[in-house]
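Residue numbers (the working numbering): 819 to 947.
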């Protein structure tokens, strides 16, 4: 069975944050594989959802995904949170990332900022169609 290809988009701010957290190219590959595996396993995965993580209320559709580094000994629940958005069905745009032990969740102001980013992404995507 042929699987649909996912396109991963890493904005400069996300890459900068990734580097600040000392994450590696191996970690990046692991993140991509986790998302791709989940996507290709639907509908066998969690109730037929196409992408992993939970949708964050108040963001306009961003997902929050638990992620652990290859070098981490904390497991997924204690490591990192990756915030991303899916556009055009299979384009994953990474928006934000933070360490769970330094930040419990997104502030309302950050959720509003993400909502604005997603709105702009949707506008650009619709104008390209």
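Beta carbons are placed, not taken as given, at the ideal position from N, Cα and C, and that holds for glycine.
All of these numbers come straight from a predicted model, not from anything done at the bench.
Non-local C-beta neighbours of residue 871 in its own chain, meaning closer than 7 Å and more than five positions away in sequence, comprise 881, 882 and 883, ordered along the chain.
By the beta-carbon neighbour count (other beta carbons within 10 angstroms, threshold 16), residue 926 is exposed. For residue 935, the CB contacts under 7 Å within the same chain, skipping 5 residues up- and downstream, are 913 in chain order. In this structure, residue 827 and residue 910 form a Cβ contact; the two beta carbons are roughly 7 Å apart against a cut-off of 8 Å. Burial check for residue 831: the Cβ neighbour count within 10 Å stays below 16, so the residue is exposed. In chain order, 888 place their CB closer than 6 Å to the CB of residue 844, counting only its own chain and leaving out the 5 sequence neighbours on each side.
Within the same chain, and ignoring the five residues on either side of residue 941 in sequence, no residue has its Cβ closer than 8 Å to its Cβ.
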